[in-house]
Every structure is written in C-alpha cells, then in structure tokens.
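In the UniProt record's numbering, the protein residues as written are 1 to 323.
Structure first, then comments.
So, in structure tokens, the structure goes:
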C-alpha cells in the first residue's frame with residue numbers, strides 16, 4: 001500500500017516495459033505518419049505576405065504552397081505520390097521505437113523510485129506523475145534527438161530531394177555541420193518536452209482510472225485518457241515545437257527544404273521566437289496547431305492503448321521473468 005491507502009500501480013518488469021513501449025511506438029508512428037508529414041510542412045511554411053522583411057520579388061511571386069490540412073494532403077499526393085505522406089518514416093520509426101522504450105522505462109523507474117520513499121516523504125500522486133513524466137520525456141528526447149532531426153529533414157523534402165538515402169544524410173550532416181548540427185533546436189525540444197510530458201502523464205493518470213470504471217468497449221478508456229492528456233499538453237507547448245522544427249532545418253541545406261522558404265533564424269530559441277513574433281505575430285507561433293492536435297490525439301490514443309494492451313499480454317505471459 002502507498003501513502004493515503006492507494007495501491008501501487010503494477011508497472012511490470014523492465015523488460016516488459018521496454019518491449020511494450022517499443023511496440024506502442026512502432027504501431028503509433030506508422031498510423032500517424034501522414035499527419036506528421038503534413039504538420040511539419042505547415043510548421044515550416046512562412047506566408048511571405050505576412051513577413052514585412054521579405055524581398056519584393058518573394059512577396060509578389062510566392063504564395064503559400066500549403067493552404068490548410070486537406071489541401072496539403074492533396075498537394076503532397078499530387079506532387080509526390082502517396083508515398084510522400086510517409087517521407088522520413090525510417091528514421092521516424094527508429095525514433096518512435098527507441099523513444100517509446102526509453103520513455104516508458106524511465107517513467108517506470110522514476111515512478112517506482114518515488115513510490116519507494118517513506119510515507120512521510122511521499123509526494124501527491126499528481127506530483128509524482130509530473131516528475132516522472134517530465135524526467136522520462138527529457139531523457140528520451142535528448143537520447144533520440146538526432147533521429148528526430150532526420151525525421152524532420154526528410155519530411156521537409158518536397159519535390160526537391162536534399163538527401164537521397166539515410167546513409168547519405170548521416171554523412172552530410174556529420175561532415176558539413178558536425179555534432180552541433182545533430183542537436184539544432186534541442187534547447188527548444190527540452191524546453192517543450194519537460195512540461196509536455198509532465199502535463200501529459202499527470203492528466204493521463206488522473207483520467208485513466210475514472211475512465212476505466214466506465215467500462216468503455218475494447219479498453220478504450222486508456223485511449224480516451226491519452227487523447228485528453230495529449231490535447232491539453234500539446235496546446236500548451238506548441239510554440240516551442242514549431243521553433244524546434246524551424247531550427248532543425250537551419251544550416252547549409254536550409255534553402256533546399258520546403259521550397260526554399262524557410263528564413264534564417266539566429267539567437268537560438270529566444271531569438272527565433274522574437275523573429276517570428278516580429279514578422280508573423282503570435283499567430284505565426286501556432287502554424288499547424290490544428291493538424292498538430294489532430295495528429296497528437298490519435299498518436300497518444302494509439303500509443304497508450306497499445307502500450308497498456310501489450311504490457312498486459314507480456315505480464316500475463318511472464319515475458320522477461322526468470323523462474
């Protein structure tokens with residue numbers, strides 16, 4: 001029993017959590033890949049008419065390529081084929097599998113550590129969830145960040161191919177940009193993920209058990225809790241997510257991504273935010289929010305539903321246990 005008479009949540013053993021997290025990440029990524037590509041294209045696009053610093057030639061000749069979610073879907077399929085909606089899927093699958101395994105493993109470890117404290121030192125369950133979620137997000141984000149950067153760059157390739165293969169992209173980034181190039185925008189990522197994952201897991205844990213008591217079909221209470229948690233957390237940190245994407249495509253290849261319409265940003269996270277606010281206003285920090293929420297909701301629903309189901313199966317079969 002934990003403080004306040006609460007039962008400790010059965011988190012499974014480390015091997016079960018790693019496997020369930022990896023399975024959840026793999027399935028979730030494949031399902032939401034098209035939404036992710038559309039979101040990244042919209043986040044990277046700058047409407048030239050809203051930028052007073054844009055040169056006259058660009059203002060007169062460059063209308064937005066992507067005009068809303070459904071139009072962006074149609075444009076990508078028309079110009080790049082249906083496979084264009086899965087651009088960057090290989091590094092993204094590696095990212096989601098690794099991220100999922102690290103995230104849930106770290107979350108389990110921190111949760112059990114906090115729950116092992118003496119009753120007099122125990123924190124409220126919502127605080128435990130926030131700390132565990134924030135810590136899990138920070139560890140998983142920093143460890144897998146190079147894969148996140150590759151995912152963004154491949155998804156940002158429209159009809160102009162910047163990298164022909166995954167191996168070529170790794171060589172070019174390493175040779176031309178060095179270690180720093182692999183972590184462009186990581187400050188925004190960490191600034192985003194700590195409150196995001198803290199808010200996500202806190203909301204998820206608060207909603208999960210009451211929703212389970214409703215006995216929704218197919219165990220969908222976990223999915224609904226994931227949707228609620230994701231929408232709330234995603235909206236709160238979306239500007240940092242947009243800044244991260246803009247910074248990830250900076251560097252010597254910047255003008256070849258997204259039709260060459262990505263401005264050069266200096267001054268890190270704060271400088272980029274100031275520049276976006278100056279040239280595009282507050283609205284500029286929320287480009288792609290609609291599709292971001294549309295993507296985040298099913299992604300979190302699939303992830304949490306798959307994770308809980310996979311973990312349950314693995315525990316039933318005593319996966320990774322020694323007699």
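By construction, the Cβ of each residue, glycine as well, lies at the ideal position given by its N, Cα and C atoms.
In this text, all values refer to a predicted model and were calculated from it rather than measured experimentally.
For residue i and residue j, what's the separation of their Cα atoms in angstroms?
{"i": "residue 183", "j": "residue 230", "result": "25 Å"}
{"i": "residue 135", "j": "residue 186", "result": "16 Å"}
{"i": "residue 53", "j": "residue 223", "result": "For residue 53, the predicted structure reports a pLDDT of 43, less than 50, and the residue's modelled location is therefore unreliable. A value from the coordinates is still provided. When rounded, the distance between both Cα atoms is 45 Å."}
{"i": "residue 277", "j": "residue 199", "result": "26 Å"}
{"i": "residue 294", "j": "residue 107", "result": "25 Å"}
{"i": "residue 201", "j": "residue 178", "result": "35 Å"}
{"i": "residue 61", "j": "residue 296", "result": "Any reading at residue 61 is ruled out, since the residue's pLDDT is 39, under 50, leaving its predicted position unreliable."}
{"i": "residue 49", "j": "residue 97", "result": "Note that residue 49 scores a pLDDT of 41, beneath 50, so its modelled location is shaky and nothing firm can be said."}
{"i": "residue 316", "j": "residue 236", "result": "37 Å"}
{"i": "residue 304", "j": "residue 83", "result": "27 Å"}
{"i": "residue 19", "j": "residue 175", "result": "35 Å"}
{"i": "residue 55", "j": "residue 40", "result": "Low confidence applies here, because residue 55 scores a pLDDT of 44, under 50, leaving its location unreliable; read the following figure in that light. Residue 55 and residue 40: Cα-Cα distance of roughly 24 Å."}
{"i": "residue 247", "j": "residue 265", "result": "7 Å"}
{"i": "residue 79", "j": "residue 208", "result": "42 Å"}
{"i": "residue 320", "j": "residue 16", "result": "6 Å"}
{"i": "residue 105", "j": "residue 256", "result": "38 Å"}
{"i": "residue 169", "j": "residue 118", "result": "50 Å"}
{"i": "residue 90", "j": "residue 239", "result": "26 Å"}
{"i": "residue 123", "j": "residue 283", "result": "38 Å"}
{"i": "residue 147", "j": "residue 211", "result": "34 Å"}
{"i": "residue 46", "j": "residue 75", "result": "17 Å"}
{"i": "residue 68", "j": "residue 77", "result": "14 Å"}
{"i": "residue 109", "j": "residue 103", "result": "10 Å"}
{"i": "residue 267", "j": "residue 251", "result": "14 Å"}
{"i": "residue 72", "j": "residue 100", "result": "28 Å"}
{"i": "residue 149", "j": "residue 120", "result": "44 Å"}
Look up residue i in the DSSP assignment and say whether it is helix, strand or coil.
{"i": "residue 184", "result": "coil"}
{"i": "residue 262", "result": "coil"}
{"i": "residue 66", "result": "coil"}
{"i": "residue 254", "result": "helix"}
{"i": "residue 231", "result": "helix"}
{"i": "residue 118", "result": "coil"}
{"i": "residue 97", "result": "helix"}
{"i": "residue 216", "result": "coil"}
{"i": "residue 80", "result": "helix"}
{"i": "residue 269", "result": "helix"}
{"i": "residue 337", "result": "Any question about residue 337 goes unanswered here, given that the chain covers just 1 to 323."}
{"i": "residue 320", "result": "coil"}
{"i": "residue 46", "result": "coil"}
{"i": "residue 282", "result": "helix"}
{"i": "residue 315", "result": "helix"}
{"i": "residue 53", "result": "Low confidence applies to residue 53: its pLDDT is 43, below 50, so where it sits in the model is not reliable, and the reading given next is rough at best. Residue 53: coil per DSSP, three-state reduction."}
{"i": "residue 87", "result": "coil"}
{"i": "residue 221", "result": "helix"}
{"i": "residue 290", "result": "helix"}
{"i": "residue 249", "result": "coil"}
Since residue i contacts residue j with CB under 8 Å, what's their CB separation in whole angstroms?
{"i": "residue 157", "j": "residue 87", "result": "6 Å"}
{"i": "residue 189", "j": "residue 141", "result": "5 Å"}
{"i": "residue 314", "j": "residue 12", "result": "7 Å"}
{"i": "residue 167", "j": "residue 92", "result": "Actually they do not touch by this definition, with Cβ atoms about 16 Å apart."}
{"i": "residue 291", "j": "residue 95", "result": "About 19 Å separates the two Cβ atoms, so there is no contact after all."}
{"i": "residue 226", "j": "residue 301", "result": "5 Å"}
{"i": "residue 192", "j": "residue 244", "result": "6 Å"}
{"i": "residue 228", "j": "residue 133", "result": "Actually they are not in contact, since the Cβ atoms of residue 228 and residue 133 sit about 14 Å apart, beyond 8 Å."}
{"i": "residue 36", "j": "residue 155", "result": "7 Å"}
{"i": "residue 206", "j": "residue 126", "result": "7 Å"}
{"i": "residue 65", "j": "residue 152", "result": "That belief does not hold up - the Cβ atoms of residue 65 and residue 152 are roughly 17 Å apart, past 8 Å."}
Does the distance between the C-beta of residue i and the nearest non-hydrogen atom of the ligand ZN fall short of 6 Å?
{"i": "residue 253", "result": "In the structure shown, the ligand ZN is absent, as is every other ligand, since no ligand is present at all."}
Ranges of the alpha helix (DSSP H) found wholly within the UniProt repeat "Solcar" (124–210), counting only runs of at least 4: Segments of the alpha helix (DSSP H) lying fully in the UniProt repeat "Solcar" (124–210): 125–155 and 166–182.
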